[in-house]
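Same order as they appear, the protein sequences are chains F and A. Quick note: the first sequence uses the UniProt record's numbering, first residue 1, plus one each step. Quick note: the second sequence uses the UniProt record's numbering, first residue 1, plus one each step. Ideal Cβ positions, reconstructed from N, Cα and C, are used throughout, including at glycine.
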Amino acid sequence: MFKNYLKITWRNLLKNKSFTSINIAGLAVGMASAALILFWVQNEMSYDQFHEKKDRIYQMYNRSFFDGKLICWGTTPKPMMKALKQDYPQVEQAARTNNANYLFTLGDKRLTLTGYHTDADFLTMFSFPLIKGNINTALNSMKNIVITEKTAKKLFGDTEAMGKTIKIDSVDYFTVTGVMKDLPNNTRFSFEYLMPWSYWEKINGREDKNWGNNSVQTYALLKPGITEAYVNSRVKDITRTHSDIKDIDVFMHPQTKWRLYSKFENGKLVGGRITIIRLFSIIAGFILLIACINFMNLSTARSEKRAKEVGIRKVVGASKTSLIVQFLGESIMIALISGVVALILVAVSLPSFNQLTQKQLFIPFGNPFFWLVMVSFILFTGVLSGSYPALFLSSFAPVKVLKGTFKAAQSAFSPRKVLVVTQFTFAIVLIISTIIVKQQLDFAQNRDTGYKKDNLVYTFMSGTVDKNYALIRNELITSGAATSVTKTSAPMTEGWSDTWDYTWDGKQEGAKLDFNMFNVDADFSKTMNLKLVAGRDIDVKAYPSDSTAILLNEAAVKIMGFKDPIGQIVRNSDNGGSKFKVVGVIKDFILQSPYEPVKPMIIQGPKAWFNVIHYKLNPKNTTAENLKLAEDIFKKYNSEYPFDYHFVDDEYSKKFADEKQIGTLATLFAGLTIFISCLGLFGLATYMAQNRIKEIGVRKVLGASVLGVTTMLSKDFLKLVGVSFLVATPLAWYLMHMWLQGYSYRVDISVWVFAIAAFMTTLISIVTVSFQAVKAALTNPVKSLRSE
Amino acid sequence: MIKITNLEKFYRTEEVETIALNKLSMHVDTGEFVAIMGPSGCGKSTLLNILGMLDDPDEGSYVFNGIEVAQFNERKRADLRKHNIGFVFQSFNLIDELTVFENVELPLIYTGVSAAERVKRVEEVLDKMQIMHRRNHYPQQLSGGQQQRVAIARAVVNKPKLILADEPTGNLDSSNGNDVMELLTDLNEQGTTIIMVTHSEHDARYSHRIIRLLDGQTVMENIMV
Chain F
1 MFKNYLKITW RNLLKNKSFT SINIAGLAVG MASAALILFW VQNEMSYDQF HEKKDRIYQM
61 YNRSFFDGKL ICWGTTPKPM MKALKQDYPQ VEQAARTNNA NYLFTLGDKR LTLTGYHTDA
121 DFLTMFSFPL IKGNINTALN SMKNIVITEK TAKKLFGDTE AMGKTIKIDS VDYFTVTGVM
181 KDLPNNTRFS FEYLMPWSYW EKINGREDKN WGNNSVQTYA LLKPGITEAY VNSRVKDITR
241 THSDIKDIDV FMHPQTKWRL YSKFENGKLV GGRITIIRLF SIIAGFILLI ACINFMNLST
301 ARSEKRAKEV GIRKVVGASK TSLIVQFLGE SIMIALISGV VALILVAVSL PSFNQLTQKQ
361 LFIPFGNPFF WLVMVSFILF TGVLSGSYPA LFLSSFAPVK VLKGTFKAAQ SAFSPRKVLV
421 VTQFTFAIVL IISTIIVKQQ LDFAQNRDTG YKKDNLVYTF MSGTVDKNYA LIRNELITSG
481 AATSVTKTSA PMTEGWSDTW DYTWDGKQEG AKLDFNMFNV DADFSKTMNL KLVAGRDIDV
541 KAYPSDSTAI LLNEAAVKIM GFKDPIGQIV RNSDNGGSKF KVVGVIKDFI LQSPYEPVKP
601 MIIQGPKAWF NVIHYKLNPK NTTAENLKLA EDIFKKYNSE YPFDYHFVDD EYSKKFADEK
661 QIGTLATLFA GLTIFISCLG LFGLATYMAQ NRIKEIGVRK VLGASVLGVT TMLSKDFLKL
721 VGVSFLVATP LAWYLMHMWL QGYSYRVDIS VWVFAIAAFM TTLISIVTVS FQAVKAALTN
781 PVKSLRSE
Chain A
1 MIKITNLEKF YRTEEVETIA LNKLSMHVDT GEFVAIMGPS GCGKSTLLNI LGMLDDPDEG
61 SYVFNGIEVA QFNERKRADL RKHNIGFVFQ SFNLIDELTV FENVELPLIY TGVSAAERVK
121 RVEEVLDKMQ IMHRRNHYPQ QLSGGQQQRV AIARAVVNKP KLILADEPTG NLDSSNGNDV
181 MELLTDLNEQ GTTIIMVTHS EHDARYSHRI IRLLDGQTVM ENIMV
């Protein structure tokens, strides 16, 4: 019996080539889209789930009130690690990490590589296996280093790395005591090497015991059987008991939640990335559903053709069940073919998709579990798309179909119409969302940054740059490479430091107000084209007392409540209490998120610490010429290090990467959804034109025009698109309204967006349907009526 | 073999109720060849569908081989039908996507006959109908007469006790039509009961008895001599 079904399925597929290709194309594109999204979702869900001890690993978090709001953050003081191990019997192991950025020298090879300073427990807590070396001892002494396979390849090529010596920053020699298997594509950690924490202490000349400086990540492994609630009740007071800081609570954030649940609002965990995961899972489901709907629609539209077969089979003894099995078998077979096509599509598009999503996803062909999922996915698709047609077709009464009186019902709420409306509702929601995401992106990109980004370049101060700053600065200008140079504590696009350790006259007692800290040298506002709105720049040469001068931004003036900010005194607790005098106010500029209001900022002068040189390239030369000149100057005064530089506008545009990604993905999936929906619409229009061919013939004989017939045939479909639009509009508005709430600076949703979406959808559907409608209308009525 | 008593069947649309069968009673004995005649709309086809258990009556009794089937559900009717009744239609009703052989094989598949036995029986019946040489052709490649012979082959392959024929010669020329009638007569002589709906007095003469219907009632019975 099975063979008979297979045979008739196969012949049916071959006989109706256009039907078959529309069906398979739609299903394959739908399955491929869903599969891509599911690969992405699977990768996100698996983040750091491979650590054997994941259920016992936690990251330390702080919680405290700022300006009336309960804020949580995951950086901690450095001494917390030792305190956890010494004073908390629940903690089995603990390790800190912070970023390391060193020049690696090996013979002629010089590479700047980034890694972590960390404690020896790191290797035994987390499951990053070593190919060479022992996890228990690899980081035990200060001049030991563990490198990843990739780093080993970079430095040593194919020769053995283990036991070799590497020069770090021209001052120290490290021995490779471990080669680590490359990090998988689903971990939060990102490093090229690990070096012992003791080296950080050596470089900085001290063990940092300050509980007020939150600058490292601290991880703890709990002993088996210790619950999160219990340990949280114990560690809550760790900062209070070890320092005189009294307003910070500490808690532990479990590893299993790091990736997807790490958004805190008012001290409570409120979700995080999981929202996007859910959203995209829903989109994947809908795209697959839309593809299945196509199948259902086309199959039932063809029911008149299949009806005779159903009738005959019933007459010669087929039961309803055997017919359901037959039709389900057909749809599973189509799903199987589509699945194979989809797999090819996924394989072909995965590299571009990876580029788009910044991932390294791959198809795990060698994994039996993957094939199991694949087969279930195909069966699921086959059954989902085949269920309705199977029930529909198998229920035909043979008496009617064999007498030729059979006509599929054309009621106002036929399931087929509901299915088309579902498809188009989803497509329209996606179109509207895409437009609004793009608008929001444009809106934020066009926001005034407050300074000029063009031709602005920065270089990190490595090696001997700091020592030779005055010479470098001078030569950059005299050589004609730059028109203005300044040094700062951080790049213009990144907030590296903030503090609530400032007081001033009139500050409300007990108020905790956080300020961004930024340090600048002479020519800061000139180099950045920043506008001073009051007072003057810091200038130690002209005003010797400016060593304690500060600048405020407008947001700081506002929050501090100064009517006349110039001359005000601001204090902090540095060196047992320092006083600063406000000499100027600068216009707000965007340091961090372009979607948020500018945070209050206090800018200190040349006595503070510096990390970055910013310079404005000379517009009279080409960029290449300027960079060549700059490179020579940096090489001259910092010969050990390669020249690195960053364009501020490139770095700034990275702030939009997330939204651009969402925008591109939304566009992509909106496009695919429309494509699949239109395939379905095209197929339906084809069958409708065939089924009504006699009616069209009669109408033409009676005098209907081609235009009249075309309109008549297209009208029905446009009505459905209209209904879809009515359903989609409030839905899209609500979704995008919720999305925009995440941004302080956001566009208003305008009516025009909906008008454009309506126009686009109508246009696309008219083009899709009218092709068949015109063809039907042009048919000579003699032909269509002859067979009567 | 068949005994129906006071059989009624109505067709309802929103506004009109049409009576197709009006308290119809009749019987057919095993081995008989009965022709049913009457003008269009007299209820012939409705009667044939009910006799073939493709449709159920609204009122009355239908006893088939001693079993009351009027109240049977679809599954029971289908089961009884596939073992006892073969159908022949005016428009042949072959499945276009299946070959001659596969079309004839179909009833055997649904009654669960083994593959080897199926080949044997299909070949046997194709041979008898003299269309063996066409076994791998599709219905569209055959003439009307040949298609009807395939349809008859399909109707008899399961060795049914009863064959219901609905204007079996309606789409055929007279020569092919006579061939089909000869085939049915042969089957009848070998013991199969046949009930045939027809418009043709010529065809009706092949039968033993003619039942004439008008407005859903028997108006006359002719016994052929």
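- Within the DSSP bridge table, the entry for M26(A) names I4(A) as partners.
- For the segment 121 to 173 of chain F, the continuous beta strand (DSSP E) assignments of 3+ residues that do not extend past its boundaries occur at 130 to 132, 144 to 148, 165 to 168, in sequence order.
- It is roughly 21 Å from the alpha-carbon of D48(F) to the alpha-carbon of M195(F).
- Residues of the same chain with a CB within less than 8 Å of the CB of I277(F), apart from the 5 flanking positions on each side, are V41, E44, M45, L260 in chain order.
- At a cut-off of 8 Å between beta-carbon atoms, N73(A) makes no contact with chain F.
- Ranked by Cα distance from G577(F), the first of P600(F), T548(F), P565(F) is T548(F).
- R11(F) reaches chain A at E97, counting residues in chain order whose Cβ is nearer than 7 Å.
- Within the DSSP bridge table, the entry for H137(A) names no partner.
- Counting only Cβ-Cβ distances below 8 Å, P107(A) has contacts in chain F at V316, G317, in chain order.
- Your pair L106(A) and R154(A) checks out as a contact, with CB atoms roughly 7 Å apart and the cut at 8 Å.
- For M80(F), the number of other beta carbons within 10 angstroms of its own is at least 16, and it is reported as buried.
- If you ignore the 5 residues before and after F353(F), its C-beta comes within less than 6 Å of the C-beta of L36, all in its own chain and listed in chain order.
- Across the set D215(A), F87(A), R81(A), N93(A), the C-alpha of F87(A) shows the shortest separation from the C-alpha of L184(A).
- Exposed is the label assigned to E182(A), since fewer than 16 other Cβ atoms lie within 10 Å of its Cβ.
- Less than 8 Å separates the beta-carbon of N516(F) from that of D498(F).
- In the same chain as E68(A), and ignoring 5 residues on each side of it, the C-beta atoms closer than 8 Å to its own belong to S61, Y62, in chain order.
- Proximity of chain A to L298(F) at the Cβ level (cut-off 8 Å) is not reached, the minimal Cβ distance being about 17 Å.
- Assignment of beta-bridge partners to Q217(F) by DSSP yields T97(F).
- Distance from the CA of I166(F) to the CA of K153(F), rounded to the nearest whole angstrom, comes to 14 Å.
- DSSP links H646(F) through a beta bridge to Y458(F).
- If the five residues before and after Y645(F) are omitted, its C-beta is found closer than 6 Å to the C-beta atoms of V457, T459, all from its own chain and listed in chain order.
- Of the candidates E625(F), G285(F), A397(F), the residue whose Cα lies closest to the Cα of A318(F) is A397(F).
- Against I334(F), chain A offers no close residue; the least beta-carbon distance is about 16 Å (beta-carbon pairs closer than 9 Å).
- At least 8 Å separates the CB of E330(F) from every CB of chain A.
- Taking 8 Å as the upper bound on Cβ-Cβ separation, chain A lies near residues K308, E309, G311, I312, R313, K314, V315, V316, G317, A318, S319, K320, S322 of the UniProt domain "ABC3 transporter permease C-terminal" (282 to 395) of chain F.
- Chain-order list of chain A residues neighbouring I8(F): I95, E97, L98, by C-beta distance under 8 Å.
- Below 8 Å, too few C-beta pairs join the segment 732 to 751 of chain F and the segment 678 to 694 of chain F to call them touching: fewer than three.
- The beta carbon of F64(A) does not come within 8 Å of any beta carbon belonging to chain F, so the residue lies off that interface.
- Contacts between A78(A) and chain F, judged by CB atoms closer than 9 Å, involve K314, G317, A318, S319, K320 in chain order.
- Here G30(F) is actually not in contact with I378(F); their C-beta atoms are around 12 Å apart, not less than 8 Å.
- Here E17(A) carries a strand assignment [DSSP, helix/strand/coil].
- Close partners of K15(F) in chain A (Cβ separation under 7 Å): E97.
- With respect to chain A, the C-beta atom of L665(F) has no partner C-beta closer than 8 Å.
- Nearest to V709(F) by alpha-carbon distance, out of K694(F), G722(F), V721(F), is K694(F).
- DSSP, read as helix, strand or coil, puts Y199(F) in helix.
- Setting aside the 5 residues that flank it on each side, I226(F) is surrounded in the same chain by R56, Q90, each with a C-beta closer than 8 Å to its C-beta; the list follows chain order.
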